[in-house]
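In mature numbering (1 follows the signal peptide of the UniProt record, and there is no 0), the protein residues as written are -20 to -1, 1 to 435.
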């Protein structure tokens, strides 16, 4: 499957009103004008980072001349220039995509020919002396279409429905003489639904869109215990870097272990990898549990359960003081924390409850396959495990119910290097570990965060 993505902010919406009462009528008229533009022969799609231009409403005429209406979507990739200076992490992800070509994305930019075909019309000017309002807004034309790699470029015509949804949102949420700009967002739903586009009114918080989200859950037959359509859950395309610099889901490039009659149970959703020495913070030797907690907090933020940012070490320490677990002198110290403290901070800062699994010695962890598998199947959150002076994050298990064999997917917060996906995975900082990874005689406490059941 290829994903065709158009992102253009070149369409301007102009509304000239004789009276505020005519707002909705004028908006509809303006949208009809825009729809006619994107359906006209002047509409042009530029394939980003390539010399390819396509006129979708002119029989899919294209340049260069080698591109024809029957050209396959997969063949467009050969015209796209690749950045040879990509990071190691991107190269590793790209290497995986070669094994799984379904992840390919073609970015398009919407353009309009300045001079339309045919004779030029004489401009006509009119003057009205009535009191009126002039409002303008930029429409963020951002839409997608999913095709198979063997579909032709005829599928590139994709904008009319997006404009209809934008018009609907603008009419519904515009009050008086204030325009609320539509905000298109893409969400990746469970198979076989795939990517869908939803248009929200920009500036309206998620808390005021619950009714719309409930309708979307009903429309797509989704359960009401996961916030599929909150803004934080919007799909992040592989070629778009994250501005904060943290790696996301490094485990995705790993190969699953092979166990006799075994199944793999993994974290659900997106998290960021937090480890020693990030954020200009030297916590080498004492901050592993803090970093594991930050990874868990990032999961709840990026799934849309919470809006607050990932807490710093001092914010974590202050939360423990606020709940009465620590003295005021704890803030700013380099004291370790464990699973019980992680549980308290999650509840204090995020309102998230957690279960604690007590293991008297590491050798018993091999018998916890069923409990861990059930956690990742039902809750899907990262698990913090602490024992002695070490803490790790468990992202999943491979477990065989018949043989009892088990492997743990570990995200190690003790890493001190750069955000280099290849080093992190090749050196095992994120990787599958056997039962021998744990100290067989040490005790361990596991913090299993429970996700809120909400949309």
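Even glycine gets a Cβ: it sits at the ideal position worked out from N, Cα and C.
On a Cα-Cα basis, can you pick out the residue from 285, 426, 260, 386 that is closest to residue 250? Position 270 of the chain shown, counted from the first residue, corresponds to residue 250. It is 285.
Compute the beta-carbon to beta-carbon distance between residue 179 and residue 145, rounded to the nearest angstrom, for a pair I have assumed lies under 8 Å. For the purposes of this step, residue 179 is identified with residue 199 of the chain shown, where counting begins at 1. For the purposes of this step, residue 145 is identified with residue 165 of the chain shown, where counting begins at 1. Contact flag correct, Cβ pair sits at about 4 Å.
Tell me whether residue 398 sits in a helix, a strand or coil according to DSSP, three-state version. For the purposes of this step, residue 398 is identified with residue 418 of the chain shown, where counting begins at 1. Collapsing the DSSP output to three states places residue 398 in coil.
Between the alpha carbons of residue 268 and residue 149, how many angstroms are there, rounded? Numbered from its first residue, the chain shown carries residue 268 at position 288. Numbered from its first residue, the chain shown carries residue 149 at position 169. Residue 268 and residue 149: Cα-Cα distance of roughly 46 Å.
Between the CA atoms of residue 425 and residue 300 - distance to the nearest angstrom: Position 320 of the chain shown, counting from 1, holds the residue named residue 300. Position 445 of the chain shown, counting from 1, holds the residue named residue 425. About 18 Å.
Just grab the DSSP bridge partners of residue 180 for me. Translated into the one-based positions of the chain shown, residue 180 becomes position 200. In the DSSP assignment, the residues bridged to residue 180 are 163.
Taking a contact to mean a Cβ-Cβ separation below 8 Å, would you say residue 52 touches residue 132 in this structure? Start at 1 with the first residue of the chain shown, and residue 52 comes out as number 72. Start at 1 with the first residue of the chain shown, and residue 132 comes out as number 152. In this structure, residue 52 lies near residue 132, with their beta-carbon atoms less than 8 Å apart.
Taking 8 Å as the cut-off, decide whether the C-beta atoms of residue 246 and residue 376 are in contact. What you label residue 246 is simply residue 266 of the chain shown in a count that begins at 1. What you label residue 376 is simply residue 396 of the chain shown in a count that begins at 1. Residue 246 places its beta carbon less than 8 Å from that of residue 376.
Excluding sequence positions up to five away, which residues of its chain have a Cβ less than 6 Å from the Cβ of residue 272? If you number the chain shown from 1, residue 272 lands on position 292. Excluding sequence neighbours, residue 272 sits near 364, 371, 373, 393.
To the nearest angstrom, how far is it from the Cα of residue 202 to the Cα of residue 87? As a position in the chain shown, residue 202 is number 222, starting the count at 1. As a position in the chain shown, residue 87 is number 107, starting the count at 1. When rounded, the separation of the alpha-carbon atoms in residue 202 and residue 87 is 29 Å.
Once you ignore the five residues that flank residue 415 on each side, which residues in its own chain have a CB closer than 7 Å to its CB? To locate residue 415, count along the chain shown from 1; it is residue 435. Excluding its 5 nearest sequence neighbours in each direction, residue 415 has C-beta neighbours in its own chain below 7 Å: 345, 346, 386, listed in chain order.
Where are the beta strand (DSSP E) runs, 3 residues long or more, that stay fully inside the region 242 to 320, in chain order? Counting only runs of 3 or more, we get 242 to 246.
Report, in whole angstroms, the separation of the C-beta atoms of residue 164 and residue 123, which I expect to be a contact under 8 Å. Here residue 164 corresponds to residue number 184 of the chain shown, with the count starting at 1. Here residue 123 corresponds to residue number 143 of the chain shown, with the count starting at 1. Contact between residue 164 and residue 123 holds: their C-beta atoms lie close to 6 Å from each other, under 8 Å.
Out of 129, 211, 99, 14, which one is the CA nearest neighbour of residue 56? Mapped onto the chain shown, residue 56 falls at position 76. Between residue 56 and the set 129, 211, 99, 14, the nearest pair of CA atoms involves 129.
What do you get for residue 155, buried or exposed, if any count of 16 or more other CB atoms within 10 angstroms of its CB means buried? The residue labelled residue 155 in the question sits at position 175 within the chain shown. That one is exposed.
Determine which residues share a DSSP beta bridge with residue 335 and list them. Along the chain shown, one-based indexing puts residue 335 at 355. Within the DSSP bridge table, the entry for residue 335 names 428 as partners.
With distances taken between CB atoms, is the gap from residue 34 to residue 147 smaller than 8 Å? Here residue 34 is taken as the residue at index 54 of the chain shown, counted from 1. Here residue 147 is taken as the residue at index 167 of the chain shown, counted from 1. No. Outside cutoff.
For residue 372, three-class secondary structure by DSSP: In the chain shown, counting from the first residue as 1, residue 372 sits at position 392. It is a strand residue.
Here's a check: name, in chain order, each residue in its chain whose Cβ is nearer than 8 Å to the Cβ of residue 396, leaving out the five neighbours to either side. Here residue 396 is taken as the residue at index 416 of the chain shown, counted from 1. Closer than 8 Å at the Cβ level, and outside the excluded window around residue 396, lie 255, 256, 257, 264.
Using the beta-carbon count (16 or more within 10 Å), is residue 434 buried or exposed? Your numbering for residue 434 matches position 454 in the chain shown. Answer is exposed; the Cβ neighbour count stays below 16.
For residue 26: DSSP bridge partner residues: The residue labelled residue 26 in the question sits at position 46 within the chain shown. Per DSSP, 33, 89.
I need the DSSP call for residue 129, collapsed to helix, strand or coil. Translated into the one-based positions of the chain shown, residue 129 becomes position 149. Here residue 129 carries a coil assignment [DSSP, helix/strand/coil].
So the candidates are 279, 19, 50; which of them puts its Cα closest to the Cα of residue 330? Translated into positions along the chain shown, residue 330 becomes position 350. Minimum Cα distance to residue 330 is reached at 279.
Going by Cα to Cα distance, which pick from 337, 357, 324, 214 is closest to residue 281? On the chain shown, residue 281 is found 301 positions in, with the first residue counted as 1. Minimum Cα distance to residue 281 is reached at 214.
Could you name the residues of the same chain whose beta carbon sits closer than 7 Å to that of residue 323, not counting the 5 residues immediately before and after it, in chain order? For the purposes of this step, residue 323 is identified with residue 343 of the chain shown, where counting begins at 1. Cβ neighbours of residue 323 beyond the five flanking positions: 334, 336, 427.
8 Å contact criterion, which residue 92 and residue 22 should meet: CB distance rounded: In the chain shown, counting from the first residue as 1, residue 92 sits at position 112. In the chain shown, counting from the first residue as 1, residue 22 sits at position 42. That pair is a contact at about 5 Å.
Would residue 290 and residue 401 qualify as a contact pair, given that the criterion is a beta-carbon distance under 8 Å? In the chain shown, counting from the first residue as 1, residue 290 sits at position 310. In the chain shown, counting from the first residue as 1, residue 401 sits at position 421. Contact flag unset, no.
Integer-rounded CB distance, given that residue 175 should sit under 8 Å from residue 166: Translated into positions along the chain shown, residue 166 becomes position 186. Translated into positions along the chain shown, residue 175 becomes position 195. The C-beta separation of residue 166 from residue 175 comes to about 6 Å, placing the pair in contact by the 8 Å criterion.
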